[in-house]
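From first to last, the protein sequence lines stand for chains P and X. Letter by letter, the first sequence follows residues 407 to 906 in this note's numbering. Letter by letter, the second sequence follows residues 407 to 906 in this note's numbering. Everything on this sheet refers to the single structure shown next.
2 protein chains.
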Amino acid sequence: MDTNPEPFESLDLDPEEFRKLGYRSVDMITDYYASIRELPVFPNSTSVEVEEVFRENLPETGQDPQHILDEWQSKVLPYTTHLGSPRYFGFVNGSGTMIGTLAEALAASVNMNTGGWKPAPAATEIERQTIAWMAELIHYPTDCGGLFTSGGTMANFTALQTALRNIAPYDTTVKGLQNKAFSGRFTVYMSDHEGHISIVRAADLLNLGRESIRLVKSREDFTMDTQDLEQKLDEDIAQGDVPFCVVGQVGSINVGAIDPLVEIAEICRQRGIWFHADGACGAVGAMLPEKRPQYQGLELADSVTLDPHKWLYIPYECGCVLVRYPEKLRRAFSLTAPYLRGTLPSDYTGLWYLDYGPQMSRGFRALKVWMSLKHYGAEGYRNLLSQNIRCVEYLDACVRRDKDFEPLHKPNLLMYCFRYAPRDLRQRWDDPETLNDYLDQLNQQIADEIQRSGVAFIMTSRIRGRVIIRLSVCSHRTTPEDIDIVLAKLKEIGEKLIRM
Amino acid sequence: MDTNPEPFESLDLDPEEFRKLGYRSVDMITDYYASIRELPVFPNSTSVEVEEVFRENLPETGQDPQHILDEWQSKVLPYTTHLGSPRYFGFVNGSGTMIGTLAEALAASVNMNTGGWKPAPAATEIERQTIAWMAELIHYPTDCGGLFTSGGTMANFTALQTALRNIAPYDTTVKGLQNKAFSGRFTVYMSDHEGHISIVRAADLLNLGRESIRLVKSREDFTMDTQDLEQKLDEDIAQGDVPFCVVGQVGSINVGAIDPLVEIAEICRQRGIWFHADGACGAVGAMLPEKRPQYQGLELADSVTLDPHKWLYIPYECGCVLVRYPEKLRRAFSLTAPYLRGTLPSDYTGLWYLDYGPQMSRGFRALKVWMSLKHYGAEGYRNLLSQNIRCVEYLDACVRRDKDFEPLHKPNLLMYCFRYAPRDLRQRWDDPETLNDYLDQLNQQIADEIQRSGVAFIMTSRIRGRVIIRLSVCSHRTTPEDIDIVLAKLKEIGEKLIRM
């Protein structure tokens, strides 16, 4: 019936050819995992070199898929930073779960669109169940709403938008922030040292403006000073601002501090302000009985961010936001206004996640979390989290007994900050300011050189004006031996740099 | 040295056990692809039933991973909507590429964070090269900026924010839309019938407010009426609004219409307004020589959205946005203000995508696009796209020669709308209004019943006030035989419903 004589073809490979490619991919992944402890953590190439490796004209004709897998081995792996390495201590990045890796291929094969129930029945229900598990893990009410996101930024974005939409004194869906009849300015609060940049990013994306972020003083232990919070809130309200959200950090990015959640919740309750707990890095620590008391008050938060691709070791991308009452999430995102019905399915059976978050089309992110939680169980995760904390405690002990290091804080969760400041050097220098400037530069150079050495990947941060070395122990493969290796290398490089 | 006597363990499986699980996953995927033509497209279960299937307590202890794969077969696959089926004509969803499926597992294994160059050297450079290929495919300048996003909504969101940040008469990063000294209202323009909901969603997320979306009249052929556009722009400017972006649809969601791009570009140029081309569904049609003339002017757009997870068949998630000048994207998203330096890496070697888009942590989305483009080549893609268009043309021919169907428009790209309106019935009915109301209901019922039958997945839309049947031919597996099957089923159900 088709008048065109060309035969119809699909992109599909012959099943046996696909199976062979699949097995080879599995072999490559197996070998990769088996070698991950030995690989240089960072390739030590310049961006110009790597750009050159991948420069290629748009292929006009198709290439042999076996050749493409060859390139995985010859071109991609040699220029990879290995976030799964036991000595990757950089960003707070999960080290990946093996079953999560397989889940990604399975999810891609069925390719369900979790924007809606109809194009994704199983994927939607798996997400619903897994979200309830996430809540249960951190002792948050399991009848909450929530969904998986691309990461912590979009989780915090979702929470802030939900806060704004539910707290604002007018309907912000219609006029947004362009309501000229409204004279107030919406403001958000977080602590000055340890408030996370993704909150600033979220406020920026929502066009609240960076000025809307009000920084609250922090105490000596890096937690939020709630007296200052109350004072700033009341001052701002008095001068016409509309504080709509306070963000408590739950496992802060540098030192793993947990803000005083019960107090913040009460301050927010009294003033009708949304309390968002940003636990992207640390919320899951609530599953540890010995840490539980610090998390008191998390259950009072109106919303919580927690990233499975951080401390649940899930491969990228997987953030998560929980919101105490699902209908508040729906109020913030649903677009099922009558005039839009035409482009949406008529039959709203089941849960349509597109009404509960920023994305419309959505992949099957929940599968890798669902499978990983089933594979390891809550017990397995508790053991791994404890193990990471034991490594941090071990690191702290090493730092404190070594005259060449200066600790910055008590260890708590998975992050740890300190600096290299040999006692000899400190004694030789008269002016503390000049000494500190020198140490800033020295610690930065040490971190850069360690990265380039491939032995470990560590980063710096700036705290209270000074450069410090920051290690995040977020790999389930890390042991105290890895801590020994990185500290030895750090001292070796530090001594060399001082002699130069 | 560690005082805790418990041995350190990782989440890793024994290599041979992992290999076995991996092979089994590959076997399941191979079997799945081999059976995809025969599977019922939709499981025909209620959400209550499926929710029950996956209801389970949080696992306390870990489960055997083989058991988890058993559940993939026994629980997930039976409740899957098969977007890769040749008779899935629902949302504009790509049907997946086999090599893209393997790419997802490979990407997860190395788990690079494409937010930055240092945690992702190869992934960053592959994204950079693949973005240039995307531009080349649609004849857009290849020195543009751009990046892969979670989907079309976030691509349009990125484009709109970039437009706002670069066009606004004050620095919107500081005060956002809360600049009380600014009296103007920012407005966005798109066509009334075929402007896509993701633009409304993007404006909503950016807190521009839904009122900021100004709907421009469309012509008989569903393209934007540029006279009305000019009139609306000038009226709005006269009354103090600040039009900052006009969105041209490039392959509209219902009928595949392409707005008059050259005219829109010129209207925008004259007034200093950003021209965004939303080609989420259809931009890649520009690679077909026979369609190229319709795409004239696409190269003049300030930004373009195109979704590889739509008409390039890439598995979820993969949207894409191109922006003519990379520094404009950077101006909209970079957060490297000095006061934030502390939480960002000190050494900005290479390209850090977190400065060019909304996400901070980012997965390795580019890999599946890179591998798929290499596997099929531009030539392979042109053949597949032509084939989809031939199916739509065949569908149109069938509709036009059958007295029971009413066509709505000339076929163009991959979408097609018509309705079931048997001539007998039309002749029997006196009042056209009552007839149309009946046909609205009838067509909706037909679509719902076809979904439930599992034979095909089709949807309705509402165009010019009336319910129509919409088919999107976005599977590389679809042939004219599949069109025959869905039309026969449609008539069978229609006749049955009329007799009832």
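Glycine included, C-beta positions come from ideal geometry on N, C-alpha and C.
Please check if any C-beta of chain P sits within less than 7 Å of the C-beta of residue i.
i: X:TRP523; result: yes
i: X:LEU903; result: no
i: X:LEU508; result: yes
i: X:HIS781; result: yes
i: X:THR467; result: yes
i: X:VAL656; result: no
i: X:TYR701; result: no
Taking only the alpha-carbon atoms, compute the straight-line gap between residue i and residue j and give it to the nearest angstrom.
i: P:THR520; j: X:GLU723; result: 10 Å
i: P:HIS715; j: P:GLY725; result: 6 Å
i: X:VAL907; j: X:ARG698; result: The structure shown does not extend to residue 907 of chain X, since chain X is modelled only from 407 through 906, so no value can be given for it.
i: X:LEU893; j: X:TYR546; result: 38 Å
i: P:GLN857; j: P:GLY756; result: 49 Å
i: X:VAL923; j: P:GLU531; result: Because chain X is modelled from 407 through 906, residue 923 of chain X falls outside the range shown and cannot be assessed.
i: P:PRO751; j: X:VAL873; result: Bear in mind that the predicted position of P:PRO751 carries a pLDDT of just 46, short of 50, making it unreliable; the figure below should be weighed with that in mind. So the two alpha carbons sit approximately 11 Å from each other.
i: P:LEU896; j: P:ALA707; result: 40 Å
i: P:THR711; j: X:GLN584; result: 26 Å
i: P:ASP433; j: X:SER515; result: 12 Å
i: X:HIS488; j: X:VAL447; result: 5 Å
i: P:SER618; j: X:ASN794; result: 49 Å
i: P:ILE442; j: X:GLN567; result: 40 Å
i: P:ALA772; j: X:THR467; result: 19 Å
i: P:PRO492; j: X:LYS638; result: 60 Å
What does residue i touch in chain P if you count any residue whose Cβ is under 8 Å from its own?
i: X:ARG425; result: VAL432, ASP433, THR436
i: X:SER589; result: LYS586
Among residues of its own chain, excluding the 5 on either side of residue i, which ones have a beta-carbon nearer than 6 Å to its beta-carbon?
i: X:LEU419; result: none
i: X:ARG806; result: PRO813
i: P:THR884; result: PRO492, CYS797
So which residues on chain X does residue i lean against when the C-beta distance must stay under 8 Å?
i: P:PRO547; result: What P:PRO547 touches in chain X: nothing, since even the nearest Cβ is about 14 Å away.
i: P:PHE389; result: This structure gives no information on residue 389 of chain P, because the portion of chain P shown stretches from 407 to 906.
i: P:ARG534; result: GLU457, PHE460
i: P:ASN517; result: LEU489, GLY490, ASN499, GLY500, SER501, GLY502, PRO721, TYR722
i: P:MET766; result: GLY557, GLY558, THR559, ILE603, SER604, ARG607
i: P:GLU785; result: GLU466, THR467, GLY468
Name the chain X residues that come within less than 7 Å of residue i, Cβ to Cβ?
i: P:ASN842; result: Those do not exist, as P:ASN842 stays about 15 Å from chain X at its closest Cβ, beyond 7 Å.
i: P:ASN613; result: THR578, GLY582, LEU583, LEU612, ASN613
i: P:LEU790; result: LEU417
i: P:GLN793; result: PHE414
i: P:ALA440; result: PRO421
So is residue i in contact with chain X if we call contact Cβ pairs under 7 Å?
i: P:ILE544; result: no
i: P:GLY678; result: no
i: P:LEU814; result: no
i: P:ARG607; result: yes
i: P:ALA686; result: no
i: P:THR593; result: no
i: P:VAL690; result: no
i: P:ILE505; result: yes
i: P:TRP717; result: no
i: P:ALA511; result: yes
Going along chain P in order, which residues have a C-beta closer than 7 Å to the C-beta of residue i?
i: X:HIS882; result: SER416, LEU417
i: X:GLY428; result: VAL432, ILE435, THR436, LEU508
i: X:VAL482; result: ALA528
So which residues of chain P does residue i contact, with C-beta pairs closer than 9 Å?
i: X:SER453; result: TRP523, PRO527, THR530, GLU531, THR755, GLY756, LEU757
i: X:ASN617; result: The identity of residue 617 of chain X in the sequence shown is Glu, whereas the question assumes Asn. Under the 9 Å cutoff, chain P gives VAL580, LYS581, GLY582, GLN584.
For a contact meaning CB atoms closer than 9 Å, what does residue i contact in chain X?
i: P:THR568; result: Those within 9 Å of P:THR568 in chain X number zero; the least Cβ separation is about 12 Å.
Give every residue of the same chain whose Cβ lies closer than 7 Å to the Cβ of residue i, excluding the five residues on either side of it in the sequence, and list them in chain order.
i: X:TRP523; result: THR530, THR755, GLY756, LEU757, TRP758
i: P:GLY662; result: GLY688, ASN818, LEU819, LEU820, MET821
i: X:LEU841; result: ARG832, TRP835
i: P:ALA916; result: In the structure as shown, chain P starts at 407 and stops at 906, and residue 916 of chain P therefore has no counterpart that could be examined.
Worksheet item: Where are the alpha helix (DSSP H) runs, 4 residues long or more, that stay fully inside the region 411 to 436 of chain P, in chain order?
Response: none
Practice prompt. Could you tell me which uninterrupted beta strand (DSSP E) segments, each at least 3 residues in length, are contained entirely in the region 670 to 730 of chain X, listed from first to last along the chain?
Written response: 680 to 684, 709 to 711, 725 to 729
Worksheet item: Can you list, in chain order, the stretches of the alpha helix (DSSP H) that have 4 or more residues and sit fully within the region 537 to 566 of chain X?
Response: The qualifying runs do not exist here; there are none.
Worksheet item: Mind pulling the beta strand (DSSP E) runs of 3 or more residues that sit fully within the region 428 to 505 of chain P?
Response: None, since the region 428 to 505 of chain P contains no complete beta strand (DSSP E) of that length.
Worksheet entry | Whole runs of the alpha helix (DSSP H) within the region 766 to 814 of chain X, excluding any shorter than 4 residues | Fully contained in the region 766 to 814 of chain X are the following alpha helix (DSSP H) runs of length 4 or more, in chain order: 772 to 807.
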